[in-house]
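Read through the structure below, which is laid out as structure tokens, and then see the notes.
2 protein chains.
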Amino acid sequence: MPDFNKSSSQRYNHYKSLIEQRLASVTDKKLPRGIYEPAEYILAGGGKRIRPLLLILCCEAVGGKSEDALNAAAAIEILHNFTLVHDDIMDNADTRRGRETVHKKWDRDTAILSGDGLIGFAYKFLLLTKSPRIHDIAKSFTTAIIEVCEGQSYDKEFELRKEVSIDEYIMMINKKTSELLKCCAEIGALIGGGTPGEITALKDYALNIGLAFQIQDDMLDITADEKTFGKKTGGDLREGKKTYLLLKALEVVKDPVSRQKLQSVIDNKGVKNENDIPEIKKIYETNGILESCSKAVEDYTTEANSKLDIIKESHAKDMLCWFSGMLLNRTS
Amino acid sequence: MPDFNKSSSQRYNHYKSLIEQRLASVTDKKLPRGIYEPAEYILAGGGKRIRPLLLILCCEAVGGKSEDALNAAAAIEILHNFTLVHDDIMDNADTRRGRETVHKKWDRDTAILSGDGLIGFAYKFLLLTKSPRIHDIAKSFTTAIIEVCEGQSYDKEFELRKEVSIDEYIMMINKKTSELLKCCAEIGALIGGGTPGEITALKDYALNIGLAFQIQDDMLDITADEKTFGKKTGGDLREGKKTYLLLKALEVVKDPVSRQKLQSVIDNKGVKNENDIPEIKKIYETNGILESCSKAVEDYTTEANSKLDIIKESHAKDMLCWFSGMLLNRTS
Chain A
3 MPDFNKSSSQ RYNHYKSLIE QRLASVTDKK LPRGIYEPAE YILAGGGKRI
53 RPLLLILCCE AVGGKSEDAL NAAAAIEILH NFTLVHDDIM DNADTRRGRE
103 TVHKKWDRDT AILSGDGLIG FAYKFLLLTK SPRIHDIAKS FTTAIIEVCE
153 GQSYDKEFEL RKEVSIDEYI MMINKKTSEL LKCCAEIGAL IGGGTPGEIT
203 ALKDYALNIG LAFQIQDDML DITADEKTFG KKTGGDLREG KKTYLLLKAL
253 EVVKDPVSRQ KLQSVIDNKG VKNENDIPEI KKIYETNGIL ESCSKAVEDY
303 TTEANSKLDI IKESHAKDML CWFSGMLLNR TS
Chain B
3 MPDFNKSSSQ RYNHYKSLIE QRLASVTDKK LPRGIYEPAE YILAGGGKRI
53 RPLLLILCCE AVGGKSEDAL NAAAAIEILH NFTLVHDDIM DNADTRRGRE
103 TVHKKWDRDT AILSGDGLIG FAYKFLLLTK SPRIHDIAKS FTTAIIEVCE
153 GQSYDKEFEL RKEVSIDEYI MMINKKTSEL LKCCAEIGAL IGGGTPGEIT
203 ALKDYALNIG LAFQIQDDML DITADEKTFG KKTGGDLREG KKTYLLLKAL
253 EVVKDPVSRQ KLQSVIDNKG VKNENDIPEI KKIYETNGIL ESCSKAVEDY
303 TTEANSKLDI IKESHAKDML CWFSGMLLNR TS
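Note that the protein sequences, when read in sequence, are chains A and B.
With the first sequence counted from 1, adding 2 to any position gets you the numbering used here.
With the second sequence counted from 1, adding 2 to any position gets you the numbering used here.
So this is what it looks like as structure tokens:
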């Protein structure tokens, strides 16, 4: 049992370690190596484990026990790692969390196949959950997979388009990021025996947290301190990604020289001259783009927290507020 | 309701059309195109639909209704098509069932992502099934995905190995082919309300049918009539595949010249000289390899049919026997 006198960050570390133990058991079986070695590698690659944490907290917030949610929590993290393995192939990414990506360390086919295997392992762990609501739990998980795939498909489609609206961007990150968080909230609350009202509130909380999280991610790429960020800033500009910042700037900035500079990121499929990066950062600053993004992140976070009003007071509820704050104030 | 006076092949066509109608509804939603167009394309690509048929027949054989099994039947076929899309990338295959493969018609990333989407759609349809045994049904489906991925991983691993034993080959095709058929039998029988004894019998039936099917597949590559086969024979030899025939021949053939010819298929990763194909066929014939394979197919089929002894007499049971015969006598 967790010690409720512990601070939220101590409890976070406690849950993180439980989740990682469970993840380590996914690859207890070792053969064939072509599936289990890459799976073990990606699952041991660290990360904040925010999705499984959210699932556990939502279970507790409606009166459930964290132990009952642990297999489903592992399932969500496995599913998330499947998306990383396949997305890294599509993005031709060489590194992830400071280590080689699976398709780089092994090869393309191994990454495709071990990614597929991870989906199987995810359902296997999900279905270890003992709950009279297992049918709804499995349906929620399945909806999340479909949404995440759709989000990734839109993301790839938008890369090729000249114009993407902010609304389309929000729709895409909603599918790519928020739907999985919403699924964490729903499954956690289902396992914990939540009422329909509680389930809806926690899903809405997670949805808004997801949007805040993704826009914050876009901001960090420009504003982060490179040391704590762990990589060079401006990566999204170098890759020509249509981020919330860039799309907002294209909506707001009127000065023709600045507009042309912004448009060139899209037209040239990424910044070609390193000096353009501080220049674009300057455009973001002088036109209030960073402030406007900060405000969007804060608004979504406030909206998220307000959804918790109907949830009974508990340590888990406190920790959900702490969780929003941690994501809002993160530096990497 | 099916008309039970119809002949088995008429009923097969009746079920096939029901399955295809259900499959057409998978892609009712059309966007994003990057997922739904390739999914629609592969699902409309034909094929014998033997997996969903088996699932429906096993449901009926234990007293269930075919309508109740239709969503799960579609789910199995969607899952099978996911494996085709991803396997074709790994095998660098340009065509499938006479049409371009997904990664050829679109591109690698679209094939990866639409394949992933198909797994989501498969679970979505599976979970439309109304059954008090839905938890076991979902577990069986998940086991099948993991087994199929493991089988494909062994298949890729064996391609790189110099030596593979017949036992290893059987283990691999068991995972790659039989486990999915076993899953069809199990899920069908679960939906139909089968007893534990009936479920075990039908799973054993399917497992043996799967082995017969795969060895028959290896044989057809050598013995088929090219017109009905729809492609050139000898493809497995050209690709250097370690088939049941080749492994059996390497076990049995003693003559050094013939042995060297067989070994060269493996050493050179495929036949390089077209004249070698009739020569190897001759080696298979004079050493009784084809007979021995035929016998293995017959033995597995007999074993399969014997498992049906405990199943009550019914049109569905008759049709399961017809089904084994159809697979045994197929020409493509």
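Even glycine gets a Cβ: it sits at the ideal position worked out from N, Cα and C.
Exercise. How should D220(A) be labelled, buried or exposed, when 16 other C-beta atoms within 10 angstroms of its C-beta is the threshold for buried?
Worked result: Answer is buried; the Cβ neighbour count reaches 16.
For this session: Could you tell me which chain B residues have their CB closer than 7 Å to the CB of Q154(A), listed as they occur along the chain?
Result: Chain-ordered, the chain B residues with CB closer than 7 Å to the CB of Q154(A) read L115.
For this session: Mind listing the chain B neighbours of Y171(A)? Cutoff is C-beta to C-beta under 9 Å, in chain order.
Result: Going along chain B, no residue has its Cβ under 9 Å from Y171(A), so there is no contact; the nearest lies around 14 Å.
Exercise. Is the segment 313 to 321 of chain B in contact with the segment 221 to 236 of chain B, if contact means three or more CB pairs nearer than 8 Å?
Worked result: With the cut-off at 8 Å, the segment 313 to 321 of chain B and the segment 221 to 236 of chain B do not touch.
For this session: Over the uninterrupted alpha helix (DSSP H) stretch that includes P280(B), give me the two end residues.
Result: Annotation: the continuous alpha helix (DSSP H) that includes P280(B) extends over 278 to 288.
Problem set entry | Sheet register partners of T97(B) (DSSP bridge) | Answer by DSSP bridge pairing, in chain order: E102(B).
For this session: Please confirm whether T131(B) and I52(B) have their CB atoms less than 8 Å apart.
Result: A distance of 8 Å or more separates the beta carbons of T131(B) and I52(B).
Exercise. Using 8 Å as the limit for Cβ to Cβ distance, is I175(A) near chain B?
Worked result: Answer no: the Cβ-Cβ gap between I175(A) and chain B never drops below 8 Å.
For this session: Return the CA-CA distance between L20(B) and L72(B), expressed in angstroms with no decimal places.
Result: Approximately 8 Å between the Cα atoms of the pair.
Exercise. By DSSP, does R135(A) sit in helix, in strand, or in coil?
Worked result: In the structure shown, R135(A) sits in coil (DSSP, three-state: anything other than H, G, I, E or B).
Exercise. Do you know how far the Cα of A191(B) is from the Cα of A298(B)?
Worked result: If you draw a straight line from the Cα of A298(B) to the Cα of A191(B), it comes to about 27 Å.
For this session: Thinking I211(B) and L183(B) are a contact (beta carbons under 8 Å), I'd like their distance in whole angstroms, please.
Result: Rounded, the Cβ-Cβ distance is 6 Å, consistent with contact.
Exercise. Going by Cα to Cα distance, which pick from A140(A), F84(A), L129(A) is closest to D118(B)?
Worked result: Nearest C-alpha to D118(B): F84(A).
Exercise. Along chain A, which residues have their Cβ under 8 Å away from the Cβ of F123(B)?
Worked result: Against F123(B), the close residues of chain A are I148, in the order they occur along the chain (beta-carbon pairs closer than 8 Å).
For this session: Tell me where the alpha helix (DSSP H) around A63(B) begins and ends.
Result: Membership of A63(B) in the alpha helix (DSSP H) is indicated by the continuous run 52 to 63.
For this session: Would you mind telling me which residues of chain B sit closer than 7 Å to D111(A), beta carbon to beta carbon, in chain order?
Result: Counting only Cβ-Cβ distances below 7 Å, D111(A) has contacts in chain B at M92, K158, in chain order.
For this session: Could you pull out every residue in the same chain whose Cβ sits closer than 8 Å to the Cβ of M3(A), ignoring the five residues on either side in sequence?
Result: A caution first: M3(A) carries a pLDDT of 38, below 50, which makes its placement in the model unreliable, though a value can still be read off. None.
Exercise. CA-CA distance, A306(A) and Y207(A)?
Worked result: Cα to Cα, the separation comes out at about 4 Å.
For this session: Could you check if V254(A) is buried or exposed, using at least 16 other CB atoms within 10 Å of its CB as the buried criterion?
Result: In the assembly as shown, V254(A) is an exposed residue. Its beta-carbon has fewer than 16 other beta-carbons within 10 Å.
Problem set entry | Buried or exposed by the 16-neighbour rule on C-beta atoms within 10 Å, applied to G327(A) | Burial state of G327(A) is exposed, judged by a 10 Å Cβ sphere holding fewer than 16 other Cβ atoms.
Exercise. Can you give the beta carbon distance from G290(B) to R240(B), rounded, assuming they're within the 8 Å contact cut?
Worked result: So it is not a contact: roughly 24 Å between Cβ atoms.
For this session: Mark E188(B) as exposed unless 16 or more other C-beta atoms lie within 10 angstroms of its C-beta, in which case mark it buried.
Result: With 16 or more other Cβ atoms within 10 Å, it is buried.
Problem set entry | Helix, strand or coil at G194(B) [DSSP, three-state] | It is coil, neither helix nor strand.
For this session: State the Cα-Cα distance for the pair A124(B) and L81(B), rounded to the nearest angstrom.
Result: Using only the alpha carbons, I get a separation of about 6 Å.
Exercise. By a C-beta neighbour count over all protein chains shown, 10 Å radius and 16 as the cutoff for buried, is R13(A) buried or exposed?
Worked result: It counts as buried.
Exercise. Smallest Cα separation from S180(B): which of L162(B), K31(B), A46(B), C151(B)?
Worked result: Comparing Cα-Cα distances from S180(B) to each of L162(B), K31(B), A46(B), C151(B), the minimum goes to C151(B).
Exercise. Does A140(A) come within less than 8 Å of chain B when only Cβ atoms are used?
Worked result: Closer than 8 Å to some Cβ of chain B, the Cβ of A140(A) qualifies, so yes.
For this session: Using a Cβ cut-off of 8 Å, pull out every chain A residue sitting near L129(B), in sequence order please.
Result: Here the neighbours are H137, A140, K141, T144.
Exercise. How is the alpha helix (DSSP H) around V87(A) delimited, first residue to last?
Worked result: V87(A) -> alpha helix (DSSP H) spans 68 to 92.
Exercise. Given 8 Å as the limit, is there contact between the segment 242 to 258 of chain B and the segment 159 to 166 of chain B, that is, 3 or more CB pairs closer than that?
Worked result: Short answer: they touch.
Exercise. In this structure, does DSSP put P4(A) in helix, strand or coil?
Worked result: Residue confidence for P4(A) is low, a pLDDT of 42 falling below 50, so the modelled location carries little weight and cannot support an answer.
Problem set entry | Rounded straight-line distance, which links the Cα of Q154(B) to that of N176(B) | Each residue's Cα considered, the two are about 11 Å apart.
Exercise. Quick one: Cα of G49(A) to Cα of F231(A), how far?
Worked result: Between G49(A) and F231(A), the alpha-carbon positions lie close to 13 Å from each other.
Exercise. What's the C-alpha gap between D278(A) and Q218(A)?
Worked result: Distance between the alpha carbons of D278(A) and Q218(A) is about 22 Å.
Problem set entry | Partners in chain B for P34(A), counting only beta-carbon separations shorter than 8 Å | Using a Cβ-Cβ cut-off of 8 Å, P34(A) is close to E152, S155, Y156, E159 of chain B, given in chain order.
For this session: Ignore the nearest five residues each way along the sequence and tell me which others in K18(A)'s own chain have a CB closer than 6 Å to its CB.
Result: R51.
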